[in-house]
Amino acid sequence: MSSTSRAARTALVAGTVVALAAGLAACGQSLEEKGGANGKDGKGEIVIGSAGFTESKVLAEIYSRILADAGYRTRVQTLANRELYEPALEKGQIDVVPEYASTLAEFLNAKVNGSKAEPVASSDIDKTVTALGKLAGPRDSKCCRRVRRRIRTPSRSAGNSPPSTA
């Protein structure tokens, strides 16, 4: 595989994971509902969760800096593992968590279909992401308004690009 196609595939996978994480992050109150919005643009604090290992912490810091550069107040909160941060996402205690597509797909698969469910993750990233989207669907559909309210972007007419989150 050429380095160009590998880089493009890596970027696509990373973007997909970010979009799915943002969709899962949508499960809770908006900044307006929390009373966290400030200023005329409605931007407030975004809490980025991380698992208790180095790679997750580094990715959470990267998310934090990108969002801070876009004008948001950010805070990184480390939770030991997925079993703790997934409910925190749904309750709106944290807003987004960097996550692996396959691992999250299997976590949600077990949660939705039971611990003996047939695996949905595979070496085919497209199939895995499709399965993940279906498993996250109920969470995403009831909560995606929160992400749209939270991630407000500067005017595109001014030449600004929004952060890639959804």
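With the numbering used here as the guide, the letters of the sequence shown map in order to residues 278 to 443.
Glycine included, each C-beta is placed from N, C-alpha and C at the ideal position.
- Partner residues in the beta bridge of V373, as assigned by DSSP, are I325.
- Within the DSSP secondary-structure output, T331 pairs in no beta bridge.
- In this structure, V374 sits away from G414, with a CB-CB distance that is not shorter than 7 angstroms.
- The DSSP assignment places 359 to 368, 378 to 390 as complete runs of the alpha helix (DSSP H) inside the region 341 to 411, in order along the chain (cut-off: 4 residues).
- The Cβ-Cβ distance between D372 and I339 does not fall below 7 angstroms.
- Residue environment analysis places E332 among the exposed positions, since fewer than 16 neighbouring C-beta atoms fall within 10 angstroms of its C-beta.
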